[in-house]
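Student: Can you read through this structure? Questions will come right after.
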Amino acid sequence: MPNLFPKIVGNRILELQTIRKLNKDMKFYTSIPESLKPYYKAELDKYRIKNSNGDLKSAWNHLERAHIIGQKYPFAHTFVHWKMLQFGIKIKSGKEIMGQIPRLIFGGVKSFVGKIPVGNTGGANVPPLKSFPIEKELENIFVKAGIKLN
Numbered sequence: 001m002p003n004l005f006p007k008i009v010g011n012r013i014l015e016l017q018t019i020r021k022l023n024k025d026m027k028f029y030t031s032i033p034e035s036l037k038p039y040y041k042a043e044l045d046k047y048r049i050k051n052s053n054g055d056l057k058s059a060w061n062h063l064e065r066a067h068i069i070g071q072k073y074p075f076a077h078t079f080v081h082w083k084m085l086q087f088g089i090k091i092k093s094g095k096e097i098m099g100q101i102p103r104l105i106f107g108g109v110k111s112f113v114g115k116i117p118v119g120n121t122g123g124a125n126v127p128p129l130k131s132f133p134i135e136k137e138l139e140n141i142f143v144k145a146g147i148k149l150n
């Protein structure tokens, strides 16, 4: 493991390269970019409409799509898992409820440091750390928004 602290001789710092490299290479994500936000919000709006109309299968699909769009950003990612937990409670699915609890706890942290399984739909029916192919329509959303998937 590289030395993370600068070597100090007298009052002079000789090596800051490792720290500079860490700062340059690490990316911290916080908020969803403005270019992606309308697509994320549209999926959540569609979820609310389908959910209130009792079309639970379509409602869930829109939550999964919102998860894929927002999973790189901690607040958006955590919010979708919160909605998935509420959905699990609504349909009385113990599996979904228990599956969402660790995702709520750890999902946002993984997003913050950029360690997410791209394309993961977020439900308890899929492994939480497994990546999946992204459907073409969602890929196009990322392209339009100018967001790289990896």
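In UniProt numbering, the protein residues as written are 1 to 150.
Cβ coordinates follow ideal geometry from the N, Cα and C atoms, glycine included.
Would the C-beta of residue 38 count as close to the ligand COA, meaning under 7 Å from any of its heavy atoms?
Tutor: The ligand COA is not part of this structure, which contains no ligands at all.
Student: Rounded C-beta distance between residue 131 and residue 120? I'm assuming under 8 Å.
Tutor: About 6 Å separates the two Cβ atoms, so the contact holds.
Student: How long is the line joining the alpha carbons of residue 64 and residue 122, rounded to whole angstroms?
Tutor: For residue 64 and residue 122, the distance between alpha carbons rounds to 6 Å.
Student: Helix, strand or coil for residue 121, going by three-state DSSP, please let me know.
Tutor: Residue state, collapsed to three classes: coil.
Student: Among 87, 125, 98 and 145, which residue has its Cα nearest to the Cα of residue 55?
Tutor: Of the listed residues, the one whose Cα sits closest to residue 55 is 87.
Student: Answer yes or no: does any C-beta atom of chain B fall closer than 8 Å to that of residue 112?
Tutor: Reference to chain B is not applicable here, since this structure consists of a single protein chain.
Student: On the criterion of 16 or more Cβ atoms from any shown chain inside 10 Å, does residue 83 qualify as buried, or is it exposed?
Tutor: Looking at its Cβ environment, which holds 16 or more other Cβ atoms inside 10 Å, residue 83 is buried.
Student: Comparing alpha-carbon positions, which option in 79, 60, 46 and 71 lies nearest residue 115?
Tutor: Measuring from the Cα of residue 115, the nearest candidate turns out to be 71.
Student: Buried or exposed: where does residue 51 fall if 16 or more other Cβ atoms within 10 Å of its Cβ makes it buried?
Tutor: Buried.
Student: Select from 30, 29 and 38 the residue whose C-alpha is nearest the C-alpha of residue 145.
Tutor: Cα-wise, what sits closest to residue 145 is 38.
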